[in-house]
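Protein chains in written order, with the UniProt record's numbering: chain X, 1 to 124; chain Y, 1 to 124.
Quick reminder that beta carbons are idealized off the backbone N, C-alpha and C, glycines included.
There are 2 protein chains.
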Amino acid sequence: MKRRSTPTKEAVLDLLSRRGKAMSQDAIEREIDIDINRATIYRVLNSFCDDGIVHRIVAEDGKQYFAFCINCGENQVPTHHFHFRCTTCKTIECLKEEVHFSLPIGYQVEKVNCILTGTCEDCS
Amino acid sequence: MKRRSTPTKEAVLDLLSRRGKAMSQDAIEREIDIDINRATIYRVLNSFCDDGIVHRIVAEDGKQYFAFCINCGENQVPTHHFHFRCTTCKTIECLKEEVHFSLPIGYQVEKVNCILTGTCEDCS
DNA sequence: TTTATTATTGCAACATAATCGCATTAATAA
DNA sequence: TTATTAATGCGATTATGTTGCAATAATAAA
């Protein structure tokens with residue numbers, strides 16, 4: 001399925017890159033200029049994830065957040081880093097801090113999801 | 001509000017301790033001997049969390065998992081450790097591996113939630 | 001032991017996040 | 001300019017988790 005360029009996709013990607021932080025679907029719908037349907041936003045975000053353009057973070061509020069991560073290389077395998085969710089300004093940002101771990105024998109990792117929750121610099 | 005001992009609470013706690021892994025509400029409802037209402041299970045689990053008897057993990061499937069953690073001391077401040085979610089057997093277990101990180105200045109952490117997802121020893 | 005207090009439970013309704021089917025629209029290739 | 005099919009909007013649906021309320025039952029008090 002070949003991707004097509006649309007105003008919706010451009011607007012979402014532009015917003016994510018301008019914010020520099022991870023955003024949830026509802027935050028995107030609220031803060032974006034144009035009117036985009038909820039399902040469409042999810043579909044666009046999921047396709048971005050499939051293409052490795054943005055990455056998905058699930059916070060301990062159970063919600064998905066999407067980041068056009070500046071720290072991450074786009075096409076290279078991303079190094080695993082911590083994310084910080086601020087409960088005050090409701091944003092999630094990628095930290096430079098990398099996640100290091102070693103696994104017991106026989107365990108195979110596919111995904112890493114590390115969230116620190118609290119108050120960020122701007123809000124404390 | 002003083003806690004009371006009930007068959008429901010005992011059954012849930014017993015199941016969690018026997019499993020030794022974190023379980024979601026639906027897994028508990030499915031695997032427990034007696035018939036317990038969904039809302040009740042959530043209420044029991046939440047009260048356990050409030051009392052520090054079990055701890056809550058939110059995986060990257062967005063669901064809450066609850067563990068009567070053997071590695072954690074019960075009353076002491078828990079050290080942050082990684083959790084491993086196996087997509088095959090649908091369980092989450094506490095790893096001994098501790099989470100280490102340092103934060104940028106001005107950031108304050110309240111919660112730590114680190115999930116590794118993949119295939120566990122038994123399933124690989 | 002009996003009674004009173006109130007924590008606990010079940011049920012139904014509700015809230016929110018996320019997905020899906022389907023018809024329509026529009027981006028791109030021919 | 002036309003044909004193809006990806007993208008979109010809409011409504012319905014699924015899933016997770018919570019809440020209000022009346023009924024039940026665990027525990028304290030008499």
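Taking a cut-off of 8 Å for Cβ pairs, the stretch 52-64 of chain X and the stretch 98-106 of chain X do not touch, as fewer than three such pairs fall below it. Note that the C-beta distance between Y:H83 and Y:I115 is below 8 Å. Judged by DSSP in its simplified three-state form, X:R3 adopts coil rather than helix or strand. Rounded to the nearest whole angstrom, the C-alpha separation of Y:G20 and Y:E110 is 25 Å.
Among the CB atoms of chain X, none fall inside 8 Å of the CB of Y:T6. In this structure, Y:I53 and Y:A22 do not form a Cβ contact; the two beta carbons are roughly 13 Å apart against a cut-off of 8 Å. Counted as a single uninterrupted DSSP element, the alpha helix (DSSP H) harbouring Y:A27 occupies residues 25-31.
No Cβ of chain Y is located within less than 8 Å of the beta carbon of X:L45. Contact annotation: X:F68 and X:S17 have beta-carbon atoms nearer than 8 Å. In this structure, the straight-line span from the alpha carbon of X:C120 to that of X:A59 is close to 15 Å. Within 7 Å of the CB of X:C120, the CB atoms of chain Y belong to Y107, in sequence order along the chain.
Residues of chain X whose Cβ lies closer than 8 Å to the Cβ of Y:G62 are, in chain order, V58, G62, K63, Q64. The beta carbon of Y:K111 sits closer than 8 Å to some beta carbon of chain X. By the Cβ-count criterion, X:N37 is exposed, with fewer than 16 other Cβ atoms from all chains shown falling within 10 Å of its own Cβ.
For X:D14 and X:D122, the gap between their C-alpha atoms comes out near 23 Å. One thing to note: X:G118 has its Cβ within 8 Å of the Cβ of Y:Y107. As far as DSSP is concerned, Y:K21 takes part in no beta bridge. Secondary structure at Y:N113: strand, using DSSP grouped into helix, strand and coil. Short of 6 Å from the beta carbon of X:L45, and not among the five residues preceding or following it, lie these beta carbons of its own chain, in chain order: F66.
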